[in-house]
Amino acid sequence: MNVEQYSEKLQQILIDLIENEGVTQFYSGFRGDFDVYCSKAVAELKTAYPQITNTMVLSYIPQAAEHSDNAFVLPQCFDDSVYLLERYVPKRYSIVETNKLLVDAVDFIVAGVLLRCGGAYNACKYARKRKKTIFNIVDGTEI
-19 MNVEQYSEKL
-9 QQILIDLIEN
1 EGVTQFYSGF
11 RGDFDVYCSK
21 AVAELKTAYP
31 QITNTMVLSY
41 IPQAAEHSDN
51 AFVLPQCFDD
61 SVYLLERYVP
71 KRYSIVETNK
81 LLVDAVDFIV
91 AGVLLRCGGA
101 YNACKYARKR
111 KKTIFNIVDG
121 TEI
């Protein structure tokens, strides 16, 4: 997906959420191109909307600096991070379970779903069942 072609639409959705819905907290898994692009878009909006917070959602417990050469470093576009899993989940299911917990915790979903399969599609399908408002920046893809 070339997310840059959707930049105006994404920015308008984010601004509408801030100005019309009072959203001040944004979450991102920062795992794919779309997540990275959205996270950076939210970070750029902090200049005009300093009240917003950009939080990275972790699917795995990060390595501490004293225990690993690959220690977790919070990307600059984020204010903080959160780990939502409160129970053990096998690693192969941790993203799916984290997505469900995140959907349960929020009111709005901003997605870039192209195909009717995959993690983002399944998270949006779950969100639809939970009666969450979904903004898919990709026209013509029904969730």
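Counting along the sequence shown from 1, when you hit position 76 you're at 56 in my numbering, and nothing is skipped either side. In this text, a Cβ means the ideal position worked out from N, Cα and C, and glycines have one as well. Predicted model, so just to flag it, every value in this text is computed and none were measured.
query, result
"What did DSSP end up calling residue -18 once you bin it into helix, strand or coil?", "coil"
"Nearest-angstrom Cα distance between residue 94 and residue 118?", "6 angstroms"
"So is residue 0 buried or exposed if we call it buried at 16+ other beta carbons inside 10 Å?", "exposed"
"Give the C-beta separation of residue 39 and residue 61 to the nearest angstrom, bearing in mind that I take them to be a contact with Cβ-Cβ under 8 angstroms.", "Not confirmed; about 11 angstroms, so no contact."
"Let me know if residue 34 comes out buried or exposed under the rule of 16 or more other beta-carbons within 10 Å of its beta-carbon.", "buried"
"Can you tell me where the beta strand (DSSP E) holding residue 56 begins and where it ends?", "Segment: none, residue 56 is in no beta strand (DSSP E) and carries neither H nor E."
"With distance defined between alpha-carbon atoms, name the residue in 41, 107 and 84 nearest to residue 51.", "41"
"Opposite residue 91 in the DSSP bridges: which residues?", "116"
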